[in-house]
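A.B. asks: What the sequence shown shows, in the UniProt record's numbering, is residues 1 to 203, in sequence order.
Built from N, CA and C at the ideal position, the CB exists for glycine as well.
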Amino acid sequence: MPMRLGPLSSARGRCLRRSVVHCGFLHGHVSYLSYDCQACLLLLTVDRDVFFILSEAKQKIVEKLRRGNCLEAINESMNRPSFLASQVGVPEMRHFLYKCKSTAQFWSPGLEPPYHTAEETERLLGLYQALHHRLHAASRPLKLLHQQLDKETLLAWVTSGFELYVTFEPLVTKHSAINAVNKLLRWIKKEEERLFILNAPTF
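1. Which residues share a DSSP beta bridge with S34?
2. Whole-angstrom Cβ separation of V172 and E112, contact assumed at under 8 Å?
3. Would residue 241 and L125 be called neighbours here (beta carbons separated by less than 7 Å)?
4. Please classify S42: is it buried, with 16 or more other beta-carbons within 10 angstroms of its beta-carbon, or exposed?
5. So, helix, strand or coil for R194, using DSSP?
6. Which runs of the beta strand (DSSP E), 3 residues or longer, sit entirely within the region 136-199?
7. Which value, in whole angstroms, describes the spacing of the CA atoms of L185 and G28?
8. Quick check on H133: does DSSP put it in helix, strand or coil?
9. Quick one: measure Cβ to Cβ for L135 and A156, integer angstroms, because I've assumed they're closer than 8 Å.
10. According to DSSP, simplified to helix, strand and coil, what is Y98?
11. Can you list, in chain order, the residues of its chain whose CB lies under 6 Å from that of E152, leaving out five sequence neighbours each side?
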């Protein structure tokens with residue numbers, strides 16, 4: 001459920017499931033970066049008593065971002081229209097989700113028809129989740145999975161360097177989907193400096 005932020009910072013606690021032996025809590029310090037920036041900053045911790053330490057850390061992050069004129073760049077980026085899958089140049093592709101394993105970062109284009117409604121977005125993410133579970137099944141993990149459904153064709157591919165989930169028009173064959181994915185991967189490689197933070201700054 002989305003959380004509305006007021007002008008102040010807030011702290012929330014959530015119970016972790018399956019990631020700790022006993023029920024531990026993950027606490028988040030959530031705040032806008034600053035009064036003149038639309039982005040939010042989320043700092044996570046397992047220690048519930050570090051709100052003020054995280055507040056100080058947030059201030060240091062904001063000071064460094066301000067010195068580098070990064071807050072303006074963040075605002076410009078947030079106001080820029082979303083990049084769409086149709087702009088990649090693979091006509092039969094509707095959407096994709098790419099994970100770069102070396103940076104542990106995800107990238108996907110903006111949602112466009114037929115996935116632009118809340119209901120269809122949720123359905124698409126559910127399809128990706130089902131593919132993910134199938135690829136990473138403990139009993140029989142897969143490297144490549146092609147699935148043709150009534151409304152779309154899906155392809156999921158996991159390698160040592162990336163994880164990729166792609167949605168195509170419903171009648172796309174496996175051969176065509178693989179050719180399209182190879183074209184997409186060439187595009188991602190060409191654009192990786194724009195899509196991913198390859199040299200992360202330290203604060």
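C.D. replies: Reading off the structure:
1. In DSSP, S34 forms a bridge with C37.
2. Actually they are not in contact, since the Cβ atoms of V172 and E112 sit about 17 Å apart, beyond 8 Å.
3. Any question about residue 241 goes unanswered here, given that the chain covers just 1 to 203.
4. Residue identity check: residue 42 is Leu in the sequence provided, not Ser. Exposed: under 16 other Cβ atoms inside 10 Å.
5. helix
6. 144-148, 153-158 and 162-168
7. 35 Å
8. The answer is helix: DSSP assigns H133 an H, G or I state.
9. 5 Å
10. Collapsing the DSSP output to three states places Y98 in a strand.
11. T167 and P170
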